[in-house]
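Asks:
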Amino acid sequence: MSFVKKILEKFNKPQNHKIIHKEYIDEQKKYIDDILQYNNIKDKTQQEYNNWENIIQDLASPNWTSEETYNENQSIYSINSNKKSESSLQLIEEKNQSTNSYQNSFINLNEPINLEITLVILLISLSFFSIIFVWIFGILLLWRMKFIIRKLKLADDDYITEINPFEIMFTQRQINNIFQMGNDIENTIENLVNGKTKIEDFLVIQVCIINDIFFSSDNQRLYTFQEAIRKGLNINKIPVKIRQITDLNIKWKLEGSYKIVRHNNFKNIIISPFAKNGRIIDKKGY
Numbered sequence: 000m001s002f003v004k005k006i007l008e009k010f011n012k013p014q015n016h017k018i019i020h021k022e023y024i025d026e027q028k029k030y031i032d033d034i035l036q037y038n039n040i041k042d043k044t045q046q047e048y049n050n051w052e053n054i055i056q057d058l059a060s061p062n063w064t065s066e067e068t069y070n071e072n073q074s075i076y077s078i079n080s081n082k083k084s085e086s087s088l089q090l091i092e093e094k095n096q097s098t099n100s101y102q103n104s105f106i107n108l109n110e111p112i113n114l115e116i117t118l119v120i121l122l123i124s125l126s127f128f129s130i131i132f133v134w135i136f137g138i139l140l141l142w143r144m145k146f147i148i149r150k151l152k153l154a155d156d157d158y159i160t161e162i163n164p165f166e167i168m169f170t171q172r173q174i175n176n177i178f179q180m181g182n183d184i185e186n187t188i189e190n191l192v193n194g195k196t197k198i199e200d201f202l203v204i205q206v207c208i209i210n211d212i213f214f215s216s217d218n219q220r221l222y223t224f225q226e227a228i229r230k231g232l233n234i235n236k237i238p239v240k241i242r243q244i245t246d247l248n249i250k251w252k253l254e255g256s257y258k259i260v261r262h263n264n265f266k267n268i269i270i271s272p273f274a275k276n277g278r279i280i281d282k283k284g285y
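Under numbering that gives the first Met the number 0, the first residue of the sequence shown carries the number 0, and numbering increases by one thereafter.
1) Taking Cβ to Cβ, would you say threonine 187 is nearer than 8 Å to threonine 223?
2) Does the Cβ of threonine 245 have 16 or more other Cβ atoms within 10 Å, making it buried, or fewer, making it exposed?
3) Would you please state the rounded distance, in angstroms, between the beta carbons of leucine 221 and phenylalanine 169? I believe it to be under 8 Å.
4) Do you know offhand how far glycine 137's Cα is from isoleucine 212's?
5) Measure the alpha-carbon distance for phenylalanine 132 versus asparagine 210 and round it to whole angstroms.
6) With respect to the alpha helix (DSSP H) encompassing isoleucine 174, which residues constitute its N-terminal and C-terminal limits?
7) Report buried or exposed for lysine 233, applying the criterion of at least 16 other Cβ atoms within 10 angstroms of its Cβ.
8) Which residue wins for smallest C-alpha separation from serine 215, given the options Gln179, Gln171, Glu115?
9) What first and last residue would you give for the alpha helix (DSSP H) that runs through valine 192?
10) On a Cα-Cα basis, can you pick out the residue from Arg143, Gln225, Leu139, Leu140 that is closest to leucine 191?
11) For lysine 240, which residues from the same chain have a beta carbon less than 8 Å from its beta carbon, with the 5 sequence-adjacent residues on both sides left out?
12) Taking isoleucine 198 as part of the beta strand (DSSP E), name the residues at either end of that continuous run.
13) Taking its Cβ as the centre, do 16 or more other Cβ atoms sit within 10 Å of aspartate 183, making it buried, or is it exposed?
14) Using only the alpha-carbon positions, how far apart do isoleucine 123 and serine 129 sit?
15) So for glutamine 219, helix, strand or coil by DSSP?
16) Between Ile208, Pro238, Ile237, Glu189, which lies nearest to leucine 247 when the distance is taken from Cα to Cα?
17) Nearest-angstrom Cα distance between serine 195 and serine 126?
18) Apart from the five residues just before and just after isoleucine 249, which ones in its own chain have a Cβ nearer than 6 Å to its Cβ?
19) Whole angstroms are fine: how far does the CA of methionine 144 sit from the CA of threonine 117?
20) Can you have a look at arginine 289 and say buried or exposed, based on whether 16 or more other CB atoms are within 10 angstroms of its CB?
21) Suppose you measure from the CA of glutamine 185 to the CA of isoleucine 162; what does that come to, to the nearest Å?
22) According to DSSP, phenylalanine 205 sits in a beta bridge with which residue or residues?
23) Give me, in chain order, the residues of the same chain whose beta-carbon lies closer than 7 Å to that of lysine 236; leave out the 5 immediate sequence neighbours on both sides.
24) Grouping DSSP H, G and I as helix and E and B as strand, with all else coil, what is phenylalanine 213?
What follows is the structure in structure tokens.
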């Protein structure tokens with residue numbers, strides 16, 4: 000019986016080794032695939048993978064039926080596995096180093112480029128603002144030159160020109176609604192709008208320049224022209240005569256000068272369209 004038992008053990012032992020060996024091969028093959036897939040280097044290590052395939056084929060050969068061959072190949076597999084891991088880590092490290100060096104070189108190359116772009120944008124911005132400043136300064140200079148030219152012309156003599164009536168300031172806060180010729184202001188405005196009366200039918204308004212501002216001494220006519228334009232009279236400018244302020248004699252109007260007549264006789268009272276706040280002013284403003 001013992002002889003038969005030994006024979007059976009002899010035949011069963013290689014069979015058991017084959018079963019264990021097959022499971023081991025499957026596990027190691029799966030392990031290799033996981034390593035290659037995890038590190039994304041399957042394409043670069045295809046040759047080494049083929050070497051592993053050869054090893055696996057050797058493992059499947061009949062030489063593995065003995066324990067010595069099994070143990071020897073297992074040790075070889077462990078050594079190669081360690082080499083494989085070291086090779087994979089080395090490839091990953093080299094790849095990271097190359098990537099870092101490329102990024103560093105890219106950053107170093109971009110530093111002067113970014114500086115140049117910043118300088119170009121800054122110069123363009125400064126040029127744009129300088130152009131705006133020059134235009135503003137030029138417009139203000141032209142506006143100022145308009146009054147300088149008029150003053151130079153006025154130094155020679157009085158002259159007539161056309162001005163927008165809304166650029167002329169009044170020199171009185173109140174005006175009478177009746178012209179000296181007896182015409183009513185409201186009727187005159189309507190006649191101007193309807194075309195029955197023309198601007199040329201009136202005397203030219205006299206103005207003077209004070210601090211680059213036009214002031215009129217003919218407040219009734221100026222008011223009439225402005226209101227007629229507001230109501231539809233199609234004109235933009237009116238003829239005016241520019242004179243020296245000393246010749247026009249309107250300083251007393253600007254300063255609010257007038258002669259105050261004190262009323263001491265309380266038995267009589269004076270009724271006058273020129274009376275205001277207990278003060279009486281004659282027709283000439285004195």
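Quick reminder that beta carbons are idealized off the backbone N, C-alpha and C, glycines included. Here the structure is a predicted model, which means the values were calculated and not measured.
Replies: According to the structure data:
1) yes
2) Looking at its Cβ environment, which holds fewer than 16 other Cβ atoms inside 10 Å, threonine 245 is exposed.
3) 7 Å
4) 20 Å
5) Those two C-alpha atoms are separated by around 25 Å.
6) Unbroken run through isoleucine 174: none, as it is neither H nor E.
7) According to the sequence as given, residue 233 is asparagine; it is not lysine. Label assigned to asparagine 233: exposed.
8) Gln171
9) 184-193
10) Gln225
11) Asp157, Tyr158, Ile159, Val203, Ile204, Gln205, Val206
12) Premise fails: isoleucine 198 is in no beta strand (DSSP E) and is neither H nor E.
13) Looking at its Cβ environment, which holds fewer than 16 other Cβ atoms inside 10 Å, aspartate 183 is exposed.
14) 10 Å
15) DSSP, reduced to helix, strand and coil, places glutamine 219 within a helical segment of the structure shown.
16) Ile208
17) Note on residue identity: the sequence assigns lysine, not serine, to residue 195. So the two alpha carbons sit approximately 57 Å from each other.
18) Thr170, Ser216
19) 40 Å
20) Since the first residue of the chain shown is 0 and the last is 285, residue 289 is not available in this structure.
21) Going by the sequence as given, residue 185 is glutamate instead of glutamine. Approximately 23 Å, taken between the alpha carbons.
22) Before going further, note that residue 205 is glutamine rather than phenylalanine in the sequence given. For glutamine 205, DSSP records a beta bridge to Lys240.
23) Within the same chain, and ignoring the five residues on either side of lysine 236 in sequence, the residues whose Cβ sits closer than 7 Å to its Cβ are Glu161, Ile162, Asn163.
24) In this structure, phenylalanine 213 counts as strand in the three-state DSSP scheme.
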